[in-house]
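Since the structure comes first, as structure tokens, the remarks are kept for the end.
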Amino acid sequence: MRYNILIGGSAGQGINKVSQIMSEILTSYGYFTFNYRDYQSLVRGGHNFNVLNFSDTETASTDFFVDIIVALDNHTEILHRGQLKRGGLILKDETNYTNKNLNLILCGKITKIFGISKDILVQIVKKHFNSKEANEAVLMGYDSEETKFNLKKLKNKLTIMSGSEAVAIGAKKSNLNFFISYPMTPATGVLNEIAKIQNESLKVFQAENEIAVANMALGTSFAGKLTMIGTSGGGFDLMTEAFSLQGISEIPLTVYLASRPGPATGVPTYTSQSDLNVALYAGHGEFARVVCAPGDPIEAIEKTNELLMLSEKYGVLSILLSDKHLAEGEYSENKIDHKLTPIKISRSIPGSKIVKASSYEMNINKNSTEDSLITINNVNSRLGKIKNIELDVSKLVMYKTYGRKKSKNLIIGWGSTKGAIKDSIRDIDAKFLQIIYLSPFSKEIEQEIKKASKVVLIENNATAQLGSLIKQKIGIEIKDKILKYDGRPFFADELNKQIKKMIK
Amino acid sequence: MNTKDKLKTKEEITWCPGCPNYMILEAFKQTVAGFIDTKKCKQSDFAMVTDIGCHAKIFDYLNLSGIYGLHGRSIPTALGISIANPKLKVVAFAGDGAVYSEGMEHFIHAFRYNSNMTLILHDNQSFSLTTGQSTPTSQKGFITKVKPKGEENEPFNPIRIAIACGANFVARTNARDISHMTEVFTKAIEHKGFSFVEVIQDCLIFNLDANNKDKYMYKIEDNYDYEKAKKIAEEFNYNSKEGKIPLGIIFSTLKPTLQEKIK
């Protein structure tokens, strides 16, 4: 079973509250959920909607066609009617959208339609709004509907987590000391999440711009603090010169890059995978880097830890590449305590020793030099560590495969498309290869591709940037591509049809 | 070995003969040696960040921890060190070209943050390492290869900007006066919060017209009065040698430091 509920309204009407409350109700009932937020860059008005998907098996995507439309305004019904499946329901308020607790009335209605007990509804709403009016509103909604689907309670123990929350958890469990950032959607989520869990040894600092962010971070890291910075495309561009300083000075630095559609301001509150190339190549000069793109919150927790570890161990720039879809998508995950290795800083730091780092090439005394032999040695040493990084990273999970493992049809994707690809190939004879580390690049991927007779590349961008990387690394050009670049993520039902067309 | 010798490195000094940077280096060594000899801190407790420019070569001539940073970015890098380890004495060295052009946003915000660190700004009213272009403090009319008809803009007054931005400590000193520099650097480093020291310095190769201002300079008493500070800031406008050039602590006050605010 797999249901999709579209909840729409204008900004400020509380549609996020509806999907939040419904996600909590459904996960506490043991159902897997995934919530997609589609919103515009405004604070009031406009049209925003969420699609809440739930299933009795794992889900990490939504569908284009939905079972229920929950309309908080008249506009929602008009805009989305075409997405309603045959026999689907439209839930709205009969009071002509004037009730200020309309979102709660609608929560009551949905709960009743799925036959979930009133107690769970009341209990969860109380966590959000502890008032008599809120309680009355949900009950009014609940009592006004008939049960149409009788959901059985399942035994899954689930929790809801966004990609942003996951990065914050990973950072904290790694013993991060500083998260320095300048607000930019969709990276701001991590800034907010870490701000919530600050303490004496973990501080958030909002600097005057991203240039300051990156240079300050090199300062805090140099002085012995585990440091991470976060940004999106435009801010990442501003940081570029400091990445180059990282490259020569080898001061550890981890960057969280949450991408969105560019160029420039583009479609700022939507999603895109168009920043893989800048992650791989930003910064003048030649230096080592690690680029890793987790595909869901659990991977985001683990990979945040791995990147902080790699940066600290090798003095290398590491980039955790995410996007709006992963950052703001709300996933249900099994409740487990993720044990990570806290990162210890054992290098020399000012205060105990004299330590010098520089944007110039340095001689043996750590002062500037323009000597040709020293320059060659320094370059070789900085690039030489790539071999050691590759060896270390090869012991980590660099890619994963899903679906029918012996299938000759291979689907390749990376990052946040993981959810939609996994959910779309259930009835297809295909294997899905998710590439997680983009730099270094696993040598095993070549074999995976060569084993397949049909390869389809799926990316949320217009130029197939992973495709270019594969061609560069192993000389294979993937001709069959499904590319989407309208700022929206892939929908599982849409992708299912597209893949079937390609591998029929 | 005396303390000042311990601060030396083996590097060949590549400033032009007679460059006032030698005197700034000497004054800074005396300042640091003063802290070490009076047991206020150890040599490893200092951290410097240098910008890019002639001034920044000081990085190679001092046996102290630090980062030789990017052009215009010495302030945020030093600020990072100062919040990461509040026990360090953090000093950023920068030039008028770097900070007032490329890094002006950091300069303005530094006063608002008030992190416990010192900015020593070498102001020779010229981009010298890049062979003599005008900077935001160059006098109007300064003829360069880029501006054959002369710089068309009036200069900034950084002291006035600093005071307007809520500065915690603003001072001016003269690169030809080692003992005054040492006194001012020491006070700046000891001051709690962000301390800004402008060092007026000649460049012997470029912008010769701006040189030899010593006879207009006079020393003031340490000033703690905001209204008076604004008046002192107006006395020298960087544009001409008319008027007087006050040297000393132009404004000093105590505001909560960034380290205290984010504790």
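Chains as they are written, first to last, in my numbering: chain A, 1 to 504; chain B, 505 to 767. Backbone N, C-alpha and C fix where the C-beta goes; we use that ideal spot for every residue, glycine too. Keep in mind it's a predicted model, so treat the numbers as computed, not measured.
- For A:M1, the number of other beta carbons within 10 angstroms of its own is below 16, and it is reported as exposed.
- Taking one beta carbon from each stretch, the segment 189 to 200 of chain A and the segment 138 to 152 of chain A have fewer than 3 pairs nearer than 8 Å; the two do not touch.
- Identification of chain B residues near A:I120 by a Cβ-Cβ cut-off of 7 Å yields none; the smallest Cβ-Cβ distance measures about 42 Å.
- Per DSSP, the unbroken beta strand (DSSP E) holding A:Y437 starts and ends at 437 to 439.
- Out of B:M608, B:V650, B:A537, B:A668, the CA that lies nearest to the CA of A:N209 is found in B:M608.
- Residue range 253 to 259 is occupied by the beta strand (DSSP E) that includes A:V255, with no alpha helix (DSSP H) assigned at that position.
- The residue among A:M362, A:T401, A:F178, A:S394 with its C-alpha nearest the C-alpha of A:T254 is A:F178.
- Taking a C-beta distance under 8 Å as the contact criterion, A:S424 and A:L495 qualify as a contact pair.
- Here the alpha carbons of B:A602 and B:F532 stand approximately 20 Å from one another.
- Under the three-state reduction of DSSP, A:G88 is assigned to strand.
- Within the segment 542 to 618 of chain B, complete beta strand (DSSP E) segments of at least 3 residues are found at 550 to 554, 569 to 572, 593 to 599, given in chain order.
- Annotated as proximal: A:I180 and A:V213, with beta-carbon spacing under 8 Å.
- Rounded to whole angstroms, A:T240 and A:A282 show a C-alpha spacing of 6 Å.
- A:R404 and A:R81 have their C-alpha atoms spaced approximately 36 Å apart.
- Interface flag for B:Q763 against chain A is unset, since no Cβ pair is found closer than 8 Å.
- A direct Cα-to-Cα measurement between A:F236 and A:I229 gives close to 10 Å.
- Taking 7 Å as the Cβ-Cβ cut-off, the segment 569 to 580 of chain B approaches chain A at S569, G570, I571, Y572, G573, L574, R577, P580, given in chain order.
- Assignment of beta-bridge partners to A:N496 by DSSP yields no partner.
- Among the bridge pairs identified by DSSP, A:L202 is matched with A:N199.
- Beta-bridge annotation (DSSP): A:M362 is paired with A:S368.
- For A:N48, there is no enclosing alpha helix (DSSP H); the enclosing beta strand (DSSP E) has its first and last residue at 45 to 55.
- Proximity of chain A to B:L592 at the Cβ level (cut-off 9 Å) is accounted for by A223, P350, G351, in chain order.
- For the 8 Å CB-CB criterion, A:G295 and A:S244 do not form a contact.
- Of all residues in the segment 372 to 398 of chain A, none is placed with a Cβ closer than 7 Å to any Cβ belonging to chain B.
- Along the segment 241 to 255 of chain A, the positions whose C-beta sits under 8 Å from a C-beta of chain B are E241, A242, L245, S249, I251, read in chain order.
- A:M184 is outside the set of residues whose beta carbon lies under 8 Å from a beta carbon in chain B.
- In the structure shown, A:E459 adopts extended strand secondary structure according to DSSP, grouped into three states.
- Among the CB atoms of chain A, none fall inside 8 Å of the CB of B:N618.
- Minimum Cα-Cα distance from A:E459 among the listed residues A:V291, A:G415, A:I376 corresponds to A:G415.
- Taking 4 residues as the shortest admissible run, the segment 224 to 255 of chain A contains the following complete alpha helix (DSSP H) segments, listed from N- to C-terminal end: 233 to 249.
- Contact of A:L79 with chain B by beta-carbon distance below 7 Å is absent, the smallest such distance being about 42 Å.
- For the pair A:N103 and A:T62, the CB atoms are not nearer than the 8 Å cut-off.
- With the criterion set as a beta carbon lying under 7 Å from some beta carbon of chain A, the segment 654 to 688 of chain B has no members that meet it.
- Proximity of chain B to A:N365 at the Cβ level (cut-off 8 Å) is accounted for by T513, K514, E515, in chain order.
- The contact set of B:I766 on chain A, defined by CB atoms closer than 8 Å, consists of K203, F205 in chain order.
- Counting C-beta pairs with one atom in each stretch, the segment 446 to 462 of chain A and the segment 262 to 278 of chain A have three or more that are closer than 8 Å, which means they touch.
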